[in-house]
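See below for the structure under consideration.
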Amino acid sequence: MPESQQPIIWGLGISFSIIAIAAVVLRFWARRIKGQKLGSDDWTILVALILGLAVTIDMLTMTQLGGLGSHSEFNADGTPLNPKAAIVLAKTIYALELLTWPAVGLTKISVLLMYKRIFSTPRFQIVTWIMIGVNVAWILTFTFALMFSCLPIAGPWTGTSYKCVNQEILFTVALATDVATDFLVLFLPAYEVKKLQMPLSRKILIIGIFCLGSLVSIVGVVRIHFLTTIYAFLYSSHTQPDITWLYAPTYYWTIIETNVGVLSACLPTLRPILERITYSRQFSQLTHLFSSSTSKTGDIRLGSVEDLNSNKTPSERVSAV
Numbered sequence: 001m002p003e004s005q006q007p008i009i010w011g012l013g014i015s016f017s018i019i020a021i022a023a024v025v026l027r028f029w030a031r032r033i034k035g036q037k038l039g040s041d042d043w044t045i046l047v048a049l050i051l052g053l054a055v056t057i058d059m060l061t062m063t064q065l066g067g068l069g070s071h072s073e074f075n076a077d078g079t080p081l082n083p084k085a086a087i088v089l090a091k092t093i094y095a096l097e098l099l100t101w102p103a104v105g106l107t108k109i110s111v112l113l114m115y116k117r118i119f120s121t122p123r124f125q126i127v128t129w130i131m132i133g134v135n136v137a138w139i140l141t142f143t144f145a146l147m148f149s150c151l152p153i154a155g156p157w158t159g160t161s162y163k164c165v166n167q168e169i170l171f172t173v174a175l176a177t178d179v180a181t182d183f184l185v186l187f188l189p190a191y192e193v194k195k196l197q198m199p200l201s202r203k204i205l206i207i208g209i210f211c212l213g214s215l216v217s218i219v220g221v222v223r224i225h226f227l228t229t230i231y232a233f234l235y236s237s238h239t240q241p242d243i244t245w246l247y248a249p250t251y252y253w254t255i256i257e258t259n260v261g262v263l264s265a266c267l268p269t270l271r272p273i274l275e276r277i278t279y280s281r282q283f284s285q286l287t288h289l290f291s292s293s294t295s296k297t298g299d300i301r302l303g304s305v306e307d308l309n310s311n312k313t314p315s316e317r318v319s320a321v
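Residues 1 to 321 in full-length UniProt numbering are what the sequence shown spells out, letter by letter.
So, in structure tokens, the structure goes:
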């Protein structure tokens, strides 16, 4: 059986997409539990999720029809053995460049909008708006830079002559600034949390929840590592590059980054669900204790049963027992 990375790509694409979808669904449910209206941060993360799913679909198309994750095969004259697959590969790579940066950037903008919802001090609001502007500029800059990085645009899949800018520099700068803005967004609320009037342990917990976003930064660093390794190999090699095999890790780490970004942006909003689960467990334990005691004594307190079956909240039911 030929060597292949395609099962890895399919596995990562499906599993991480399910995780990201679940995170957004739970986020919306948490808003409903709290009786809160959906805000701009919620709608922005929904758009980021849709773009992230589009990235995954594009990547799986690239894998299934373009040969990503398998070894490239060439004729004696250096032309692709499967020209149709080569065309699909070129088109899906171009689509990926247009989808990835908005997906990643909008995730960070959603986090910044969430910060604005939480922290209302004028100085922090101004800094947050500046960071939102920086991320919008970042999205537009690198989306358009990559859109027109090769001219004519259709050259890579039509077979016509085309010229490209230095792809190594462009992608390295894009990824490096991506990681830099990740860390800026990550540490932005630290000072505001420090000023809150609450126990130190709770402050550390809140900062820790926000720091879960560092997962995305770590993935970004991994992508930079793979990219620089690939370009170093391409420059040192004198043979026809095995593009579909070499680029597979960089691309499937893109799937991870877009989906983990959505997950990290949603985690701080899920506390209402955790509280409901906690209350449900406490209630279950109490009812189990109650039923055990009544089975031993035969003494059923009708008032308590009525309280348990009423429309009271879980906390009120616990108090009634």
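Note that CB positions come from ideal geometry on N, CA and C, so glycine has one too.
Cβ-Cβ separation, residue j to residue i (assumed contact under 8 angstroms), whole Å
i: L113; j: D41; result: 4 angstroms
i: K91; j: W10; result: About 20 angstroms; that fails the 8 angstroms criterion.
i: G67; j: Q5; result: Actually they are not in contact, since the Cβ atoms of G67 and Q5 sit about 11 angstroms apart, beyond 8 angstroms.
i: V216; j: V260; result: 6 angstroms
i: T56; j: G13; result: 5 angstroms
i: L270; j: A30; result: 5 angstroms
i: M147; j: L184; result: About 25 angstroms; that fails the 8 angstroms criterion.
i: A103; j: T229; result: About 24 angstroms; that fails the 8 angstroms criterion.
i: R223; j: L175; result: 6 angstroms
i: V24; j: L51; result: Between L51 and V24 the Cβ distance is about 12 angstroms, and since that is not below 8 angstroms, they are no contact.
i: V127; j: L188; result: 7 angstroms
Distance, residue j Cα to residue i Cα
i: C266; j: G78; result: 47 angstroms
i: W43; j: N75; result: 49 angstroms
i: L196; j: I277; result: 27 angstroms
i: I45; j: C211; result: 18 angstroms
i: Y235; j: E168; result: 11 angstroms
i: R27; j: I139; result: 25 angstroms
i: T214; j: L186; result: According to the sequence displayed, residue 214 carries Ser and not Thr. Cα to Cα, S214 sits roughly 7 angstroms from L186.
i: K163; j: L170; result: 14 angstroms
i: L246; j: T121; result: 48 angstroms
i: Y251; j: L53; result: 14 angstroms
i: I19; j: S161; result: 42 angstroms
i: W101; j: V221; result: 16 angstroms
i: E3; j: Y231; result: 22 angstroms
i: I255; j: I8; result: 11 angstroms
i: H225; j: D178; result: 14 angstroms
i: Y115; j: S15; result: 29 angstroms
i: S72; j: D242; result: 5 angstroms
i: F124; j: E275; result: 29 angstroms
i: I209; j: V47; result: 23 angstroms
i: W129; j: K194; result: 21 angstroms
i: F233; j: L205; result: 43 angstroms
i: E192; j: R32; result: 27 angstroms
i: A180; j: V111; result: 15 angstroms
i: T63; j: F119; result: 43 angstroms
i: I273; j: L99; result: 31 angstroms
i: A85; j: A190; result: 49 angstroms
i: I207; j: L106; result: 22 angstroms
i: T287; j: R117; result: At T287, the pLDDT of 46 sits below 50, so the modelled position is not reliable; the number obtained from the coordinates is stated separately. Rounded to whole angstroms, T287 to R117 spans 38 angstroms at the Cα level.
i: A22; j: P268; result: 14 angstroms
Status (buried if at least 16 other CB within 10 Å, exposed otherwise) for residue i
i: L289; result: Residue placement at L289 is flagged as unreliable, the pLDDT there being 46, under the threshold of 50; a coordinate-derived value is accordingly withheld.
i: K34; result: exposed
i: G133; result: exposed
i: Y94; result: buried
i: V88; result: buried
i: V219; result: buried
i: W253; result: buried
i: P249; result: buried
i: M198; result: exposed
i: F144; result: exposed
i: E97; result: buried
i: K37; result: exposed
i: K108; result: buried
i: N166; result: exposed
i: F142; result: buried
i: G298; result: Summary for G298: the model assigns pLDDT 43, below 50, so the residue's position carries little reliability, and this model does not support an answer.
i: S17; result: buried
i: L81; result: exposed
i: S292; result: Because the pLDDT of S292 is 48, which lies under 50, any placement of that residue in the model is unreliable, and the question is left without a value.
i: T239; result: exposed
i: L200; result: exposed
Segment limits, alpha helix (DSSP H) that includes residue i
i: P122; result: P122 to M147
i: S110; result: P83 to I118
i: H71; result: Taken as a continuous stretch (DSSP letters only), H71 belongs to no alpha helix (DSSP H), as it is neither H nor E.
i: S217; result: S214 to S236
i: C266; result: A248 to C266
i: Q6; result: Q6 to K34
i: E192; result: A190 to K195
i: T158; result: G155 to T158
i: L38; result: Note, L38: premise wrong, no alpha helix (DSSP H); not H, not E.
Beta-ladder partner(s) of residue i, from DSSP
i: C164; result: C150
i: P272; result: None, per the DSSP bridge assignment.
i: P80; result: F74
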